[in-house]
Structure formats: structure tokens, C-alpha cells
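Residue numbers (our numbering): 1497 to 2221.
Right, here's the structure in full:
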């Protein structure tokens, strides 16, 4: 270990020296030279940060091969000064035996060693021996489960930890599977779906660097609290070029955590909303019913409906988005009006030749009447304006939905001033796809930025040669640091700000919750259809969720590979059995899993009068804190009780309590079942489970989610016993 850390220190020192050399270099020269200097500085800063992220548990394993060679396995790969490998990155093929070797199939390994470290010191060694010749008489069998069980029993911190040292064989096979196509990973609570998804993202970024370097990877989670929970995992694995987004953050310029009521969310999530938005866009292209008289600097021109209709049909045949095709429409109408105006001026005795058509066209563009006529026929639109009008104009909505019931239309009715919701995000994206850029100048600038980036890559290749760092720096990474605008940031920064960005791979967690409209949005973000989709259909709680994967993914694909995780690493057996019993009692089919361990604490049920409910929860939390004051505890309550329960707990425990995402930085978090999805805690207290059960048509799924969050203890506090618990 000492050798490995010495090399890590040496590489970090080299990067710091190079950074100082670049920063203190001459600041003069050409603009290109200055941008190259800044880009190199950023790359060295990123390298220093990466080497710092892997400081903890740099190496966690060792393989002894049949050849007698020892290979250390770690978070990143390291080579010595002679460029000989001294630490294998866990993602390289040669490291796969560390996760997949067994006594029956040793994969060229004689033994596997697990290293547990504290800081830079090794505090525990555990061996698994595959070659009996290595065993002495006293060592009949050595097992390697200690590292896994120690990790499972460790107290939670409010942040997800990587499992790179304890990946199991079934997980490793999924992590290393091919990048092409749609991979669905189904598994019950605690089976490691999220961990597998994140480590798969890190593996793909490493193994397909050329493909994903410039396109990036998008990871979609169910909520900001979930993203906060997982955000440290990929940096700890040496990867930072990933975009993390909740479903309410997938449309640039809009960031929302507001949920519609279930009935509204279900309607907005239906695939038929795509057809509604298409009809809404088309309906804003209107041929006038009668000729219009236009005043252009005192000249009266007549715009006939057939002129508008002809220009409109030609623009529509181009199949370009609304705002882009509008430019062709305007050009066609203006050309006709220019010819008409020139002829009319000649009839009045004016001399007009071909060279005058330019200023005639500008006169027409500046005419108030012409502007009104063109905009009335084909108005430029933003996605936000289109959706606000659709919700706020009941007569227009009715004209677009002749087959809908009045009750369905009423679900969409709201004032323009109301904020957008999570369910609105895919509708905004659908509208943006059909409308195109609102600003033609902005569209041209975007195209120019893309062309400029190509030129920057070429310049970066030359700069790398000039600096003598071939093989150490990538041209695309260097080019991403060129320029002075935000648009020239990292791949992740540029991707998050660009609605038309297409990713090389997308990971979707808690995917069973997504609606058909949300899947349509994600399909546009990855035309290659390269997805890792993880979830559990039994845990679906969203109104628009589907009962099975084929139904859930029909808006994305009809072809996918299904892998199942069946071992529950998180939840103790008695809690797993209680949650599955509750689910079965209420008709919810769940993916049965095998828990790898028991807990010393049985599931605790407390029944009280309703007037005493909130105070009883405080008492239970107090008792649990006496058992373990350092671990994390979640109080999961139905939405209507969250604020009141938070107030009671804050009065007793003060700053130790946090609400929603803020709770993940405190020892006690107060959450709804939806906010708790994908998270884990040492202890969980569920408030009034019967209300969660009755709270929606998918209440049993919500309660199942809540009951499977703890790694140690589960308390149910309510006014009635829930059957099955």
C-alpha cells in the first residue's frame, strides 16, 4: 500500500507542478495561446481533483494469479515511473476475476484478498483461496464475505457509498454487459439496483471513453433528494463527466419539484398528450377567411387568403419545426407582397427596378399591418407560452379535444401564473421539439458554436503536440476548455444547458415511475437507444406508472434485455418478510428476494389514539436515538402529516432534524414516501401507515417502499394495525 500511495502522491505533485507552470507562463501572445493555456490549467485542476477523490480506499483487493503474479485492484489504474502497471482499475477486463472468480471457476486466480483500510493503513485482510495447495492443514476454508457484511452493517451517512470493493458476481456481470441497446435491471428493495446502475455508468465511461467523452452520460433520478444522496459515488470512482437530473430538471430553464395531484399527473403522462400538443401547434397556423387590406407607407395592398394558404402549405411540406418553417412562410408571403407593391408603385408612375426590391421588402417588414397579418397567420411561439395558453384557454382546449369529456379538460385547467410541475416538463419538451428555436439568431449561434468546437478540437490536437503531452491529454477534453463563454464548459455543463443535446448513454433509476411522455423525452435525448434502466414494478407509486416493463417502455422501445437481482443486501430478513407479507395481503405482486442477514431488532409496531400520534412518533424516535445516536433515521409520513410531524420533531431535536432533501445532511430526515424512494437509513419510523396505504390507488406500493428503506430497525406508529404487518 505504501508503494501505491507514494505513486499517487508523485502523480499529484507532477500535476501541481504542471499546473503552476501553465498558470505562471507568459500571459501575452495570441488569443488562441491564452485559451490553450486556460484549457490546460483546467485539465490539470481536474486531474488533481480526481486523484484526491480516490485517496480513500485507493486499493481494496489483490489477486494472486496462477503465474504467481500479484495484481492489486483499486479505484483507478496506476503505473510506476517505468510505466509498468502497479494498480489495476477495477473496470479493466483483467480485474473481472476479483468479482467473478469462484472455487469452481477461478478464472486464472489462485486466491483473492480483500483489503479494508482506514486512511492509508490496512486494518483488515480477508482471503478467499481457490487453489487448495495454498492452504495449510489449519486452513480448511477461508471465506470472503466479511468485507461485504461489514459494509452492509456500517452506519449510513446520508450519502450513498460506492460498492466497488464488494461488488458481487451477479452485479458485476450486469455492470460489464454491452453498451448497445436497452438493459432493464429488475430487483426488489435492497438488491443493489442503484449501486449497479452507477457502477455501470462508471464502467461504460471508462470502457467506451472515445464514444462517451463528447456525448456524455445522463443519470435520471426520481427526486433532487435522491440525486443529493448519490452525487458522491461517481467522483469517488474517478468519474465526473456525468449529468445528474431529476425528472423535473430535464427541460433547460425549468427546475421544479411540484407534483400534480394523481389524476392530473396521470392525464399529462398519457401518450395522447403528444398528439394534443401537435394539434395545438398546427392550430396556430391559420389561413385568414377573407382578404386583408394592408397599409404600407400609404400604399394599400390586398393580401388574399390563397397567398397565405399557398405559402403555408409549402412551409408545412418542409416538415421543419413551427418557428423554423415560419421563416420560409414569411419569406414566401413577403416575396408575393414585394412583387405586388412594385407593380402598384409602377402603376402610379414610379420607377422601380430589380435593385429596389430589397428596400421594398424592408418597408413591408416594417409595416405594422404586415406584421399583424403574418403573426396572425403564423405566430412564433415558445413552449412555455403554448402550454400556458393550452391550460388557460378552455375554449381552445375544447376545440382541440372533441373526444374528451368535460371532466378530462377540467383536469388541465389552470391560470397562466401557476408554476410548471414535474408532469409539465415532458410536455414542454414535446412542444419545443415541434416548435424549434424561437429565435432564429439564437439557432444560428448554436450551429456556429458546434462548428467552432470542431475547429477547437483541431487546434487542441496541435497544441498537445506542441506541449509534448501526447497520450496524456485528450483533444476533446482540452477543446472543451477553450473560449470564454459558459457554453464552452465541460461536456456535462454543455449537455445540461442544451435541450437538443444527445447523450451516448442514459441511466434511469426508479424507472417504473416514468410516464409515456417522460419516456418520449428521454428517447429524444438518446437516439441510439443506449439505456440502463433500473427499478422494481412492485414499488411503482406514480399515477402514470405501468404494471410491467413491456407496458412501461412502449414509448421507448419494444426490444430490451432483462436482468434480475434477487439478493437483498440492505434490508434485514425480518423487515423484508414483514414488507412482503404486507404487500401480499393487499394484492401487490413483489419480486421475492433473499436477505443475506438478520437484524437483532424485530419490527416494532405502536398503536395509539389519533390525538397522540405525532407525540408518539417523537417518543419512538427518542428511544431509537438512545440505541444509536450516530446512525441516520428517517421519519416517513403521508404528505398531509409531514409538516406537523416535522414541527414536533424539530421542537424536540432541534437542528438534528431536516425536511425533505435537507434531511439527508441531518441525522433525522422527515420525508414523504415519494421522497424516500431509492434512499436507505439505519432506522425508519413510518407514521400512520394506514393513511399511506389509502392515500392513492398505488398506496400499497408507497408503503412497501417506505418499509424497505431501513438497514437495521423499522418502527410502525399509527392508529390502526395494517393487515399483513
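Don't be surprised by glycine CBs; every beta carbon is placed ideally from N, CA and C.
- Item | Given residue 2125 as reference, the closest of 2163, 1701, 2098 once Cα atoms are compared | As a working note, residue 2125 is residue 629 in the chain shown. Answer by Cα proximity: 2163.
- Message: Please state whether the Cβ-Cβ distance between residue 2054 and residue 2128 is less than 9 Å.
- Response: For the purposes of this step, residue 2054 is taken as the residue at position 558 of the chain shown. For the purposes of this step, residue 2128 is taken as the residue at position 632 of the chain shown. It is not a contact, given that the beta carbons lie outside the stated cut-off.
- Message: Let me make sure I understand the geometry here. Which of 1880, 1758, 1900 has the alpha-carbon closest to that of residue 1926?
- Response: Here residue 1926 refers to the residue found at position 430 of the chain shown. Looking at the Cα atoms, 1880 is the closest of the given residues.
- When the Cβ atoms of the segment 1994-2008 are set against those of the segment 1711-1723, are three or more pairs found closer than 8 Å? yes
- Message: At 4 residues or longer, what runs of the alpha helix (DSSP H) sit wholly inside the segment 2097-2135?
- Response: 2109-2123
- If you pair each beta-carbon of the segment 1861-1868 with each one of the segment 1806-1819, do three or more pairs fall below 8 Å? no
- Message: Looking only at its chain, what residues have a beta carbon closer than 8 Å to the beta carbon of residue 1995, apart from the 5 residues adjacent to it on each side?
- Response: For the purposes of this step, residue 1995 is identified with residue 499 of the chain shown, where counting begins at 1. Hits under 8 Å: 1747, 1748, 1925, 1928.
- Any idea which residues DSSP pairs residue 2064 with across the strands? The sequence position of residue 2064 within the chain shown is 568, counting from 1. The partner list for residue 2064 (beta bridge, DSSP) reads 2091.
- Message: Using only the alpha-carbon positions, how far apart do residue 2215 and residue 2141 sit?
- Response: Stepping through the chain shown from its first residue, residue 2215 is reached at position 719. Stepping through the chain shown from its first residue, residue 2141 is reached at position 645. So the alpha carbons of these two residues sit roughly 15 Å apart.
- Message: Tell me which residue opens and which closes the beta strand (DSSP E) that residue 2082 is part of.
- Response: Position 586 of the chain shown holds residue 2082. No beta strand (DSSP E) holds residue 2082; DSSP gives it neither H nor E.
- Query: Over what stretch of residues does the beta strand (DSSP E) that includes residue 1570 continue unbroken?
  - Reply: The residue given as residue 1570 occupies position 74 in the chain shown. Residue 1570 -> beta strand (DSSP E) spans 1566-1570.
- At what residues does the beta strand (DSSP E) containing residue 2155 begin and finish? In the chain shown, residue 2155 corresponds to position 659, counting from 1. Unbroken beta strand (DSSP E) run through residue 2155: 2153-2155.
- Query: Under three-state DSSP, which class holds residue 1997?
  - Reply: Position 501 of the chain shown, counted from the first residue, corresponds to residue 1997. DSSP places residue 1997 in coil when its eight states are reduced to three.
- Query: Which of helix, strand or coil does DSSP assign to residue 2014?
  - Reply: In the chain shown, the residue the question calls residue 2014 occupies position 518. Helix, per DSSP.
- Consult DSSP for residue 1617 and reduce its assignment to one of helix, strand or coil. The sequence position of residue 1617 within the chain shown is 121, counting from 1. Strand.
- Message: Could you check whether residue 1537 and residue 2222 sit closer than 9 Å to each other, using their CB atoms as the reference points?
- Response: No answer is possible for residue 2222: the residues shown for the chain start at 1497 and end at 2221.
- Message: Based on DSSP bridge pairs, tell me the residues matched to residue 1686.
- Response: Taking the first residue of the chain shown as 1, we reach residue 1686 at position 190. Beta-bridge pairing links residue 1686 to no other residue.
- Identify the residues that DSSP records as bridge partners of residue 1795: which are they? Here residue 1795 is taken as the residue at index 299 of the chain shown, counted from 1. BP columns for residue 1795 point to 1792.
- Would the segment 1775-1793 and the segment 1749-1765 be scored as touching if the rule is three or more Cβ pairs under 8 Å? no
- Task: Pair every Cβ in the segment 2088-2099 with every Cβ in the segment 1683-1693, then say whether three or more of these pairs are closer than 8 Å.
- Result: yes
- Sufficient close CB pairs (3 or more, under 8 Å) joining the segment 1552-1565 to the segment 1603-1618: yes
- Message: For the segment 2181-2191 against the segment 2042-2050, do three or more pairs of beta-carbon atoms, one drawn from each stretch, fall closer than 8 Å, so that the two count as touching?
- Response: no
- Item | Residue range of the beta strand (DSSP E) that includes residue 2206 | Numbered from its first residue, the chain shown carries residue 2206 at position 710. Counting along the chain, the beta strand (DSSP E) containing residue 2206 begins and ends at 2206-2214.
- Task: Specify the secondary structure class of residue 1855 as computed by DSSP and reduced to three states.
- Result: On the chain shown, position 359 is the one that residue 1855 refers to. Residue state, collapsed to three classes: helix.
- Task: Measure how close the beta-carbons of residue 1735 and residue 1698 come, nearest whole angstrom, since I'm counting them as under 8 Å.
- Result: Position 239 of the chain shown, counted from the first residue, corresponds to residue 1735. Position 202 of the chain shown, counted from the first residue, corresponds to residue 1698. Their Cβ separation, rounded to whole angstroms, is 5 Å, which keeps residue 1735 and residue 1698 in contact under 8 Å.
- Message: Using the Cβ count rule (16 or more neighbours within 10 Å means buried), how would you classify residue 1855?
- Response: Counted from its first residue, the chain shown places residue 1855 at position 359. By the neighbour-count rule (16 or more Cβ atoms within 10 Å), residue 1855 is not buried but exposed.
- Would you decide whether residue 2217 is buried or exposed? Buried here means 16 or more other CB atoms lie within 10 Å of its CB. Taking the chain shown and counting its residues from 1, the one referred to as residue 2217 is at position 721. Answer is exposed; the Cβ neighbour count stays below 16.
- Message: In the DSSP assignment, the alpha helix (DSSP H) including residue 2178 goes from what residue to what residue?
- Response: As a first step, residue 2178 must be located in the chain shown, where it is residue number 682. Taken as a continuous stretch (DSSP letters only), residue 2178 belongs to no alpha helix (DSSP H), being part of the beta strand (DSSP E) at 2177-2183.
- Task: Could you tell me the boundaries of the alpha helix (DSSP H) in which residue 1759 lies?
- Result: Sequence index remark: in the chain shown, residue 1759 carries index 263 (1-based). It spans 1758-1765 - the alpha helix (DSSP H) in which residue 1759 sits, taken as one unbroken run.
- Span separating the alpha-carbon of residue 1613 from that of residue 1758: Position 117 of the chain shown, counted from the start, is the residue given in the question as residue 1613. Position 262 of the chain shown, counted from the start, is the residue given in the question as residue 1758. Distance between the alpha carbons of residue 1613 and residue 1758: 48 Å.
- Query: Is residue 1874 helix, strand or coil when you go by DSSP?
  - Reply: Along the chain shown, one-based indexing puts residue 1874 at 378. Residue 1874 falls in the strand class under three-state DSSP.
- What's the call for residue 2222, buried or exposed, on a 16-neighbour Cβ count within 10 Å? Nothing about residue 2222 can be reported from this structure: the residues present for the chain run from 1497 to 2221 only.
- Where residue 1756 falls, given that 16 or more other Cβ within 10 Å makes a residue buried: Residue mapping note: residue 1756 aligns to position 260 of the chain shown, counting from 1. When all chains shown are included, residue 1756 counts as buried.
- Determine, using beta carbons only, whether residue 1554 and residue 1595 come nearer to each other than 9 Å. On the chain shown, residue 1554 is found 58 positions in, with the first residue counted as 1. On the chain shown, residue 1595 is found 99 positions in, with the first residue counted as 1. No, the pair does not count as a contact, with Cβ atoms beyond the cut-off.
- Item | Environment of residue 1882 [buried if 16+ CB atoms lie within 10 Å] | Here residue 1882 refers to the residue found at position 386 when the chain shown is read from its first residue. Residue 1882 should be labelled buried.
- Given a threshold of 16 other Cβ atoms within 10 Å of its Cβ, counted over all protein chains shown, does residue 2204 qualify as buried or as exposed? Stepping through the chain shown from its first residue, residue 2204 is reached at position 708. It is buried - the Cβ of residue 2204 has at least 16 other Cβ atoms within 10 Å.
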